[in-house]
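Asks:
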Amino acid sequence: MFLIIGNGMVGLAIAAGLSRSVPAERITVVGPISRPYSASMAAAAMLNSFAELEPGALDQPRDRLKFELSQASARLWAAFVEEFEIPAEHYRLGTVLVNNNASNAFEDQAFDAIAGYLEEFAEPHERIEPTLEPAYSPASGYRSRNALFLPREGVVNPDGVVHALQQTLARRGVRFVEGVVESLDKVGGRTCGARLADGRVLAAERVVLANGSMATRLWAEDDCIRVINGVGATVVLKNQSIQGRYVLRTPNRGGACGIYHAPYRDDLFVVGATNLITTVDEQVPRAESVAALINGAINQVNQMHRASGFVRYNFGYRPVSLDGYPVIGQLNDNTFIATGTRRDGYHFAPWLADNLAALVQGQLLSPQASAYFAHTRPQRRAMLDQSVEVCCRKYAAVKCSALSQHGFDAGHTDADQALEQYYYQRARDFFTRNGMEQAVQVEFIDALIGGYLPLSDFT
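Numbering (full-length UniProt numbering), first residue to last: 1 to 459.
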């Protein structure tokens, strides 16, 4: 019996991969049917690789390897959709990447870096007028004529794909159990069963923890790097007057992934996304997050969204490890973990279906997969190999980018330069005060300075 804890996209992908070689009735997936706070349900599920890059994003060999696997997974999606009977309308290719003036030069540098990577990897793309996307009609102060079209990057309908995939797996015999796993029964280096909140115990020969940011809490052993919440929100807007064809997005900006706008269903559009690194299980999105998304949709995408209906918000916890890298590998003799995928769980699903299924069954892995799993092994401390200087400079740039995209204007002063120097010094003082010679990921600095994360997690 294979027991997969977690019924988000990663868990379902692993079940799908196993079902190719394991009798379906030997596979059980457990999780709450409503999927509360699931990263999968809060995603726009963009299939973006190049559009997510930033300057220096591929400097580390492990980052370049992950990017190559991201490309490999993108090529697997079409066959995955067909194999598991996911309706074709849930899978849409084409991304328009816009470089507008809603933030500062940090975004320009990211846009130029993406263009450079596209050339380096000979990825199909073209310079276009952003009005290639019919939904693009921004406020005049935010208009842009600088855009790239990426025909091989796109989006899948997040809840549509999850529900369709689960239905297919259930028809083929995979067992789905409604419930929340509260603890694991471990004996002598093995996991014998999973204990649910209602007292039931599910026995298994092999167990996979794929329950997102809850996974390392459930495992509850110090040898595994911790995974915390990257709280994210999207909003769904309804407007019959707007016609959408492609994903429209900006490069990543300070604090999040900029603004993106994706066709969702009929006259519905999903707009994202926000990002907040925290150890707190927040229950609903913050008002400022929802306001920023709605304002971004109106100002940077299409002014007609001012009259759009607000259908709902989506809200969930993206699983983020303490060094920002996935946590994938073996925990004990019969237990495995697959989490820490952040915004990449959907994108990597077909690749995970192939390679996690092989890992769990003890099958031979490709050299690339073996190398990747060496980096993602759960038994590790946070990988700190970024220089303090580079980290402090990026932290200052990210903070000022966040300010500019939310309306800060220095006017005829040098306030922007003063603020950038302030944030640089703030980070530098933190590292000096704590005697750190290598830096954490930029997104953890505020949580460390604020005392929400203990430094002992990193040193």
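Glycine included, every Cβ here is placed at the ideal spot set by N, Cα and C.
I'd like to know if the region 30–41 and the region 237–251 are in contact, where contact means that at least 3 CB-CB pairs between them fall below 8 Å.
Replies: Because the criterion of three Cβ pairs below 8 Å is not met, the region 30–41 and the region 237–251 do not touch.
Asks: Express the C-alpha separation of residue 230 and residue 515 in angstroms, rounding to a whole number.
Replies: As shown, the chain starts at 1 and ends at 459. That puts residue 515 outside it, with no answer to give.
Asks: Taking DSSP as the reference, what is the three-state secondary structure of residue 393?
Replies: In this structure, residue 393 counts as helix in the three-state DSSP scheme.
Asks: Assuming contact is defined by CB atoms lying nearer than 8 Å, are residue 488 and residue 25 in contact in what I supplied?
Replies: Past the edges of the chain, shown from 1 to 459, lies residue 488, and the structure says nothing about it.
Asks: Helix, strand or coil for residue 91? Go by DSSP, reduced to three states.
Replies: Residue state, collapsed to three classes: strand.
Asks: Just to confirm my understanding: we take residue 279, look at its own chain, exclude 5 residues before and 5 after, and list those with CB closer than 8 Å. What are they?
Replies: 228, 229, 447, 452 and 453, listed in sequence order.
Asks: Counting only runs that start and end within the region 262–295, where is the beta strand (DSSP E) found for 3 or more residues in a row?
Replies: Runs found: 268–272 and 276–278.
Asks: Within the chosen definition, does the region 371–383 reach the region 325–334 through at least 3 CB pairs nearer than 8 Å?
Replies: These segments touch.
Asks: Please classify residue 450: does DSSP put it in a helix, a strand, or coil?
Replies: Residue state, collapsed to three classes: coil.
Asks: Under a three-way DSSP split, which group does residue 53 fall into?
Replies: Coil.
Asks: For a test of the three-state rule: what should DSSP assign to residue 350, helix, strand or coil?
Replies: Looking at residue 350 - three-state DSSP - the assignment turns out to be helix.
Asks: Is the region 286–306 touching the region 126–139, taking contact as three or more C-beta pairs under 8 Å?
Replies: Cβ pair count under 8 Å is three or more, so yes.
Asks: Mark residue 87 as exposed unless 16 or more other C-beta atoms lie within 10 angstroms of its C-beta, in which case mark it buried.
Replies: With fewer than 16 Cβ atoms within 10 Å of its Cβ, residue 87 is classed as exposed.
Asks: Look up residue 84 in the DSSP assignment and say whether it is helix, strand or coil.
Replies: Reduced to three states, the DSSP call for residue 84 is coil.
Asks: List in chain order: all unbroken beta strand (DSSP E) runs of 3+ residues lying wholly within the region 302–341.
Replies: DSSP runs (the beta strand (DSSP E)) wholly in the region 302–341: 309–321, 327–332 and 335–339.
Asks: Could you tell me which of 198, 143, 53 and 194 sits nearest to residue 208, measuring between CA atoms?
Replies: Nearest of 198, 143, 53 and 194 to residue 208, Cα basis: 194.
Asks: Using the C-alpha atoms, what's the distance from residue 233 back to residue 403?
Replies: Approximately 19 Å between the Cα atoms of the pair.
Asks: Within its chain, find whatever has a CB closer than 6 Å to the CB of residue 405; leave out the 5 residues flanking it on each side and keep chain order.
Replies: 102, 103 and 253.
Asks: By alpha-carbon positions, which one of 65, 45, 3 and 55 ends up nearest to residue 368?
Replies: The option with the nearest alpha carbon to residue 368 is 65.
Asks: Can you grab the Cα-Cα spacing for the pair residue 76 / residue 350, in whole Å?
Replies: The alpha-carbon atoms of residue 76 and residue 350 are separated by roughly 6 Å.
Asks: Output yes or no for whether 8 Å exceeds the beta carbon distance between residue 168 and residue 84.
Replies: Closer than 8 Å, so yes.
Asks: Quick check on DSSP: helix, strand or coil for residue 208?
Replies: DSSP places residue 208 in strand when its eight states are reduced to three.
Asks: Please check the pair residue 373 and residue 359, which I expect to be a contact at CB under 8 Å, by giving their CB distance rounded to whole angstroms.
Replies: Indeed, because the Cβ distance is near 7 Å, the residues count as touching under 8 Å.
Asks: With three or more C-beta pairs closer than 8 Å as the rule, is the region 117–126 touching the region 417–435?
Replies: Short answer: they don't touch.
Asks: How should residue 157 be labelled, buried or exposed, when 16 other C-beta atoms within 10 angstroms of its C-beta is the threshold for buried?
Replies: The residue is buried, with at least 16 neighbouring Cβ atoms inside 10 Å.
Asks: Alpha carbon to alpha carbon, what distance is there between residue 401 and residue 435?
Replies: Whole-angstrom Cα-Cα distance: 28 Å.
Asks: Go through its chain and collect everything with a Cβ distance to residue 145's Cβ below 8 Å, but skip five positions before and after it.
Replies: Same-chain partners within the cutoff: 129 and 130.
Asks: Does DSSP classify residue 383 as helix, strand or coil?
Replies: Reduced to three states, the DSSP call for residue 383 is coil.
Asks: Classify residue 335: buried if its beta carbon has 16 or more other beta carbons within 10 angstroms, exposed otherwise.
Replies: With 16 or more other Cβ atoms within 10 Å, it is buried.
Asks: Could you have a look at residue 182 and say whether DSSP puts it in helix, strand or coil?
Replies: Strand at residue 182.
Asks: Determine the direct distance from the alpha carbon of residue 393 to that of residue 89, and round the result to whole angstroms.
Replies: Each residue's Cα considered, the two are about 43 Å apart.
Asks: Using a threshold of 8 Å, state whether the C-beta atoms of residue 10 and residue 341 are closer than that.
Replies: Cβ atoms of residue 10 and residue 341: closer than 8 Å.
Asks: Helix, strand or coil: how does DSSP classify residue 361 here?
Replies: Residue 361 falls in the coil class under three-state DSSP.
Asks: At 4 residues or longer, and completely inside the region 3–85: list those alpha helix (DSSP H) runs for me, N to C.
Replies: Entirely contained in the region 3–85, the alpha helix (DSSP H) runs reaching 4 residues are, in chain order, 9–19 and 61–83.
Asks: If you follow the alpha helix (DSSP H) that residue 433 is part of, which residue opens it and which one closes it?
Replies: Element bounds for residue 433: 415–433.
Asks: Could you give the residue range of the alpha helix (DSSP H) that holds residue 373?
Replies: Note, residue 373: alpha helix (DSSP H), 367–376.
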